[in-house]
Amino acid sequence: METRNIFNNINPFDHRYSYNKEIFNKLEKYLSEEANINYQLKVELALVKSLAKVGICSKTIVKEVKEAISTITAEQAYLEEEKTKHNIRALVNLIQERISKEARPYIHLTATSYDIVDTANSLKYKELTEKLILPKVKQLINILSELAIQEKETIQIGRTHGQHAVPITFGYVLAGYVERIGLRYQEIEKKADQLKGKFSGACGTYNASRLFFEDPEEFESIIMEELGLEAGDFSTQIVISEYITDYIHSLISTFGVIANFSDDMRNLQRTEINEVGEHFSADQVGSSTMPHKRNPINYENIKSMWKRTMPQMNTIYMDQISEHQRDLSNSASSRFIPDIITGLVLSIERLVKVLKKFGIDREKMKTNFNLHSDMIIAEPLYIILAAQGHPNAHEAVRKLTLQAEESDKTLRELFYLEDNLKQYREKMNSYQKNIIKDPKRYLGRSKRRTEYIINKWKEL
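Have a look at this one:
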């Protein structure tokens with residue numbers, strides 16, 4: 115086939131987002147069409163190896179088939195498929211034309227196409243997860259953990275509904291994402307490990323393999339062992355779809371956490387907040403018309419990539435439906451699963467790169483905290499009064515906050531001037547008094563919970 119200029123490609127992954135050669139070289143080992151065909155050939159070889167193990171063919175034939183398979187390319191497979199109009203039959207033809215007449219009968223013996231296709235898919239996604247996806251997620255967890263410990267005492271105003279709430283630390287914010295991504299790591303690992311293969315034939319009932327084997331399920335297990343997989347307890351012509359559905363969900367839900375983090379950081383980078391920032395290179399341009407702009411392009415790219423990827427989960431759910439024992443309604447849609455994985459891996463890599471040069475403006479965090487620091491004591495004040503028996507503590511403090519907004523006195527000053535609250539002031543312990551005096555102390559367990567979360571994931 116002729117070489118195609120990448121700028122004539124249609125998929126943006128192949129021209130706009132393929133700048134990271136190292137990542138793309140790793141991804142193509144599992145997700146390229148060449149890789150896809152190689153995995154299918156690996157399953158065909160595992161079948162022949164297993165036939166040899168049970169004495170149906172010789173080891174010499176295994177060697178012959180192995181050598182033949184090593185010479186088959188994706189280009190050859192596609193050219194053959196143009197004639198057969200069937201991808202797996204094309205592979206079988208290519209293998210058989212490269213081996214002796216004695217060896218040919220053992221190629222694809224007792225197999226149906228999706229014994230090969232679904233088993234190859236499970237194998238490649240499992241290996242891709244173990245060797246690339248999980249190490250990348252782990253790298254992200256580690257860098258966020260380091261930043262969380264570094265910022266475990268950095269005071270930041272908490273925000274709920276876009277409004278200033280109560281004091282937290284920035285380390286606590288980061289620890290929350292360590293927890294969420296860590297849980298997703300475990301889920302990806304679990305669901306990848308549960309991906310299954312099959313060698314049960316056209317409708318999943320071992321009709322063909324039973325012609326040769328007293329125990330065809332045992333023969334299926336031998337093939338799966340050769341590949342490092344397990345067979346599901348039930349199959350039709352295909353592996354039941356819930357395994358791949360759960361696996362893809364684990365990836366997309368991980369992507370959702372990463373998009374949430376990116377959105378939070380993008381908002382903290384707003385001009386009026388300006389608490390964090392991305393590295394901006396000397397020649398980088400933020401706007402074609404406003405030279406002063408420094409846009410959060412990386413965080414926005416990650417969110418945008420998630421928006422493009424997340425809806426594909428709907429297609430995965432639709433692919434759960436296959437009429438009776440098999441139809442071809444997922445034959446096109448399932449070929450776009452590599453896009454989901456590519457989008458996730460590229461976004462993790464982008465986020466890691468950004469976090470390695472993460473800009474944190476602690477002074478701006480302090481400034482923003484102080485904007486409404488006098489009002490922050492409203493919550494602890496109301497709770498203290500309620501605990502001491504005030505009949506309507508919330509309303510009493512709410513009225514004081516309104517007075518503070520309309521006068522030149524702070525909420526704290528009004529509290530100490532209010533005569534009918536004297537009895538409650540006198541009951542306060544020293545810790546409570548210090549909180550009312552200095553709202554920066556109202557941090558609860560921010561630091562301790564940060565340390566706990568990070569230590570937990572380090573151990574895990």
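Taking this note's numbering, the leading residue of the sequence shown gets 115, the next gets one more, and so forth.
Cβ atoms here follow ideal geometry from the backbone N, Cα and C, with glycine treated the same way.
If you're wondering where the values come from, they're calculated on a predicted model, not measured in any experiment.
{"Item": "Assuming I137 and V459 make a contact with CB atoms under 8 Å, what is their CB distance in whole Å?", "Value": "6 Å"}
{"Item": "Report yes if the C-beta distance between E285 and A262 is below 8 Å; otherwise report no.", "Value": "Before going further, note that residue 285 is Gly rather than Glu in the sequence given. Contact flag set, yes."}
{"Item": "Would you check if there are 3 or more beta carbon pairs closer than 8 Å linking the segment 243 to 255 to the segment 156 to 175?", "Value": "no"}
{"Item": "Determine the DSSP secondary structure at P410, reduced to helix, strand or coil.", "Value": "coil"}
{"Item": "With DSSP run on the structure shown, which of helix, strand or coil describes T524?", "Value": "coil"}
{"Item": "State the DSSP-derived secondary structure class of S445, mapped to helix, strand or coil.", "Value": "coil"}
{"Item": "Exposed or buried, what is P553 when buried is set at 16 or more other beta-carbons lying within 10 Å of its beta-carbon?", "Value": "buried"}
{"Item": "Could you give the distance in angstroms between the alpha-carbon of I497 and the alpha-carbon of A373?", "Value": "35 Å"}
{"Item": "Cα-Cα, which of A492, V168, Q434 and K480 is closest to H363?", "Value": "Q434"}
{"Item": "What are the boundary residues of the alpha helix (DSSP H) that T185 is part of?", "Value": "First-last for T185: undefined, no H or E at that position."}
{"Item": "Looking only at its own chain, which residues have a Cβ that is under 6 Å from the Cβ of N201, when we skip the five neighbours before and after it?", "Value": "E195"}
{"Item": "In whole angstroms, what separates the C-alpha of M432 from that of F483?", "Value": "48 Å"}
{"Item": "When you compare only the Cα positions, how much space is there between N119 and D128?", "Value": "10 Å"}
{"Item": "Hey, how far is the Cα of A204 from the Cα of I416?", "Value": "39 Å"}
{"Item": "Please list, in chain order, all residues of the same chain as I213 whose beta carbon is under 7 Å from its beta carbon, the five residues on each side excluded.", "Value": "E178, V179 and A182"}
{"Item": "By the 10 Å Cβ neighbour count, where 16 or more other Cβ atoms means buried, how is F450 classified, buried or exposed?", "Value": "exposed"}
{"Item": "With distances taken between CB atoms, is the gap from F375 to M424 smaller than 8 Å?", "Value": "no"}
{"Item": "Among the candidates P249, E520 and M379, whose CA atom is the shortest distance from the CA of K140?", "Value": "P249"}
{"Item": "According to DSSP, is R273 helix, strand or coil?", "Value": "strand"}
{"Item": "Quick one: what does DSSP say S146 is sitting in, helix, strand or coil?", "Value": "coil"}
{"Item": "Measure the alpha-carbon distance for T481 versus E389 and round it to whole angstroms.", "Value": "10 Å"}
{"Item": "Taking 6 Å as the limit between beta carbons, can you name the residues of its chain near S259, skipping five residues before and five after?", "Value": "V292 and I568"}
{"Item": "Exposed or buried, which one is R464 when buried takes at least 16 other CB atoms within 10 Å?", "Value": "buried"}
{"Item": "Excluding the 5 residues preceding and the 5 following Y131 in the sequence, name in chain order all residues of the same chain whose CB lies nearer than 7 Å to its CB.", "Value": "L460"}
{"Item": "Taking only three categories from DSSP, how would you classify T319?", "Value": "coil"}
{"Item": "Across which residues does DSSP place H278 in a beta bridge pair?", "Value": "R273"}
{"Item": "Can you tell me which of the three DSSP states I474 falls into?", "Value": "strand"}
{"Item": "Whose CA, out of Y556, Q264, I430 and E142, lies closest to the CA of E565?", "Value": "Q264"}
{"Item": "State the DSSP-derived secondary structure class of A507, mapped to helix, strand or coil.", "Value": "helix"}
{"Item": "In this structure, how does DSSP classify K283 when only helix, strand and coil are distinguished?", "Value": "Going by the sequence as given, residue 283 is Thr instead of Lys. In the structure shown, T283 sits in a strand (DSSP, three-state: E or B)."}
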